[in-house]
Amino acid sequence: MSPVVHNFLQLDAMPLAAGLLAAVLCGLLGNFLILRKLSLMGDAISHSVLPGLVAAFLITHSRSPGPMFIGAAAAGVVTVGLVELVRKIGRIETGAAMGVVFSLLFALGVLLIEQASIPGVDLDPDCVLYGELSTIFWFPPDTWGGFLSLDTLGRVPRQVVTLLVMAVLATGFVVVLFKELRLAAFDPALATAQGFHAGLMHFLLMLFVAAATVASFEAVGSILVIAMLICPAATARLLTDRLRPQIVVSVAIAAASAVLGYLGANALPAALGRSWSLNSAGGMTVAAGGLFLAAALFGPRHGVVGRWVRRRRLEGTVAMEDVLAALYRRGEGAAGAPTRAEVAALVGQRAARRGVRLAEATGLIQQGERVVLTEVGEVAARDLVRRHRLWESYLVTEAGVAPDHVHDTAERLEHLVVRPEGDSATDPHGRRIPSQADRT
Numbered sequence: 003m004s005p006v007v008h009n010f011l012q013l014d015a016m017p018l019a020a021g022l023l024a025a026v027l028c029g030l031l032g033n034f035l036i037l038r039k040l041s042l043m044g045d046a047i048s049h050s051v052l053p054g055l056v057a058a059f060l061i062t063h064s065r066s067p068g069p070m071f072i073g074a075a076a077a078g079v080v081t082v083g084l085v086e087l088v089r090k091i092g093r094i095e096t097g098a099a100m101g102v103v104f105s106l107l108f109a110l111g112v113l114l115i116e117q118a119s120i121p122g123v124d125l126d127p128d129c130v131l132y133g134e135l136s137t138i139f140w141f142p143p144d145t146w147g148g149f150l151s152l153d154t155l156g157r158v159p160r161q162v163v164t165l166l167v168m169a170v171l172a173t174g175f176v177v178v179l180f181k182e183l184r185l186a187a188f189d190p191a192l193a194t195a196q197g198f199h200a201g202l203m204h205f206l207l208m209l210f211v212a213a214a215t216v217a218s219f220e221a222v223g224s225i226l227v228i229a230m231l232i233c234p235a236a237t238a239r240l241l242t243d244r245l246r247p248q249i250v251v252s253v254a255i256a257a258a259s260a261v262l263g264y265l266g267a268n269a270l271p272a273a274l275g276r277s278w279s280l281n282s283a284g285g286m287t288v289a290a291g292g293l294f295l296a297a298a299l300f301g302p303r304h305g306v307v308g309r310w311v312r313r314r315r316l317e318g319t320v321a322m323e324d325v326l327a328a329l330y331r332r333g334e335g336a337a338g339a340p341t342r343a344e345v346a347a348l349v350g351q352r353a354a355r356r357g358v359r360l361a362e363a364t365g366l367i368q369q370g371e372r373v374v375l376t377e378v379g380e381v382a383a384r385d386l387v388r389r390h391r392l393w394e395s396y397l398v399t400e401a402g403v404a405p406d407h408v409h410d411t412a413e414r415l416e417h418l419v420v421r422p423e424g425d426s427a428t429d430p431h432g433r434r435i436p437s438q439a440d441r442t
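According to our numbering, the sequence shown holds residues 3 to 442 in order.
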């Protein structure tokens, strides 16, 4: 084994593994918090387990996983119950109730930490907030064959083992109860009607969130836990509308955030020639936020850029169709083919500029001194005018709209692919409706 690989395994492998497992664990469970519109519940439990941790610490004078897990789970259950109690008694929305409960419980936990100065026992607020990835250390074997020995496996840091066990349990929980969790997330009333106890699903989910929080606290701190409960799932929600792919994508985003954040926090200071260091958990949180920002901007369906592109395409299509319809109507009279300036007067300068350009690029019109429809353009324009006049007839005969009030509405509806049923020969204004036979 080369010295470079050995140093990486000794100094970086276990901290990176702890951050990766914590991110994947929280990212997996966060999907159901997002679906139930309980994103703040993850924040609330992440804060409110603090008094449970401190209480367990004060009672046992130990940070062993057993008492910490029990304290955090109890605090998580109390948080869920208090949120429901405050919501019902105060008649306020769930978000406000969660804000009240978690802020009070977190303040109580901080107060208890300040009073917990017991000789020989440490409980550092910075550890709770930022974690202690830098203290996770491992003595790997000098040869690859040594990885198979029980002694090597026994030296794996406790934080990594705890997070691995929690990740396996959480994955099993989601896989085994996926149908129940999905139904309870989308429609709790239907889940109860079909025999699934939605309240029990909610309780188990909150219990796992609390357990994931306490398993992650010591290694990565509450800031990363809060971020990973929300950011990966929210990012995946911007990329897909289906739950199964969303879960897979969220786990991948959580893993990428952990790796990119850890490597960036360790490599960036050296790349900038600085002597200071960056907190690894903070780097992972920033990476998760960066990936969310990228999805919010460039997501194919829900991203800002994607929506802008689709809107521009739609505006161009509408402008082009307005030009085609105007040319067809002009051709119905005796005025002949219009000039570019006359087209602008018919549909507006901006619509004419974009519409004529797109129609010419797609072979629907030809430009010279006059703007004329091609054979393909004639068919498309005739279909547009037919839809427009059918909509006018529908609005008058079926919706009871006055004939002099239907044109503007039909001008918007004509751009829809669907058309109303009807066999009228003329529209409410007496104009002929192009028939299907005209298309041939």
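Just so you know, even glycine gets a beta-carbon here, dropped at the ideal spot from N, CA and C. Since this is a predicted model, take the numbers as computed values, not measurements.
Residue environment for W310: exposed (fewer than 16 other C-beta atoms within 10 angstroms of its C-beta). Note that the segment 257-277 does not touch the segment 61-80; fewer than 3 beta-carbon pairs, one per stretch, sit closer than 8 Å. Contact between the segment 382-399 and the segment 351-358 is absent, with fewer than three C-beta pairs closer than 8 Å. Using a C-beta cut-off of 8 Å, the segment 43-52 makes no contact with the segment 186-199, since fewer than three inter-stretch Cβ pairs fall below that distance.
In this structure, L165 lies near A24, with their beta-carbon atoms less than 8 Å apart. Close CB contacts of L183 within its chain, under the 8 Å cut and outside five residues either way in sequence, are with F34, V176, M203 and L207 (chain order). DSSP places Q196 outside both helix and strand once states are collapsed to three, so it counts as coil. When the alpha-carbon of V288 is set against those of H304, A258 and E317, the nearest one is in A258.
In the three-state reduction of the DSSP assignment, R352 falls in the helix class, which pools H, G and I. Classified as buried, T237 has 16 or more neighbouring CB atoms from the shown chains inside 10 Å of its CB. In the structure shown, L375 falls within a strand segment according to DSSP collapsed to helix, strand and coil. Membership of I435 in any beta strand (DSSP E) is not indicated, and neither H nor E is assigned to it by DSSP. In this structure, the beta-carbon distance from I36 to A298 does not fall below 8 Å.
M230 is a Cβ neighbour of A256, given a cutoff of 8 Å. Remark: C-beta atoms of A221 and E317 do not approach each other more closely than 8 Å. With fewer than three CB-CB distances shorter than 8 Å, the segment 67-77 does not count as touching the segment 13-27. Nearest to G78 by C-alpha distance, out of G21, T215, V227 and V178, is T215. In this structure, the CA atom of Q117 is about 28 Å from the CA atom of L209. A283 and A327 have their C-alpha atoms some 59 Å from each other.
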